[in-house]
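Report on one structure; see the data block that follows.
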Amino acid sequence: MAITTKKVLRMTFTNAAGKTVTMTLDQPKEGITSAEIETVMDQIISKDIFFTSGGGLVSKRDIKIVDTKTEDMYEQPEG
1 MAITTKKVLR
11 MTFTNAAGKT
21 VTMTLDQPKE
31 GITSAEIETV
41 MDQIISKDIF
51 FTSGGGLVSK
61 RDIKIVDTKT
71 EDMYEQPEG
């Protein structure tokens, strides 16, 4: 039975159409602060480098670091 863990950074924006757009990055650096993440989000918005079906990103909506632990409860027999 294997146990795996995964940590992701979830940055959520609002696009020009008012819809939610989420970017997920694996393995954020340990100790990263909300101020550092907000600075990056501000740069993403100001440089207008991502375009969605609802237009460009216009504002920050949320920041989350999600830590998931998964325990595999079944091992398929070999053979």
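Position one of the sequence shown corresponds to residue 1 (UniProt numbering), numbered consecutively onward. Ideal Cβ placement from N, Cα and C applies to all residues, glycine included.
Excluding the 5 residues flanking it on each side, K64 has same chain C-beta neighbours closer than 7 angstroms at R10, in chain order.
Around the beta carbon of L57, 16 or more other beta carbons sit within 10 angstroms, so the residue counts as buried. Taking 9 angstroms as the cut-off, the Cβ atoms of V66 and K29 do not count as close. By a beta-carbon distance limit of 8 angstroms, S59 contacts F13. Their separation comes to about 7 angstroms.
Taking C-beta atoms as the reference points, K69 and T5 count as a pair closer than 9 angstroms.
I32 and E78 have their C-alpha atoms spaced approximately 42 angstroms apart.
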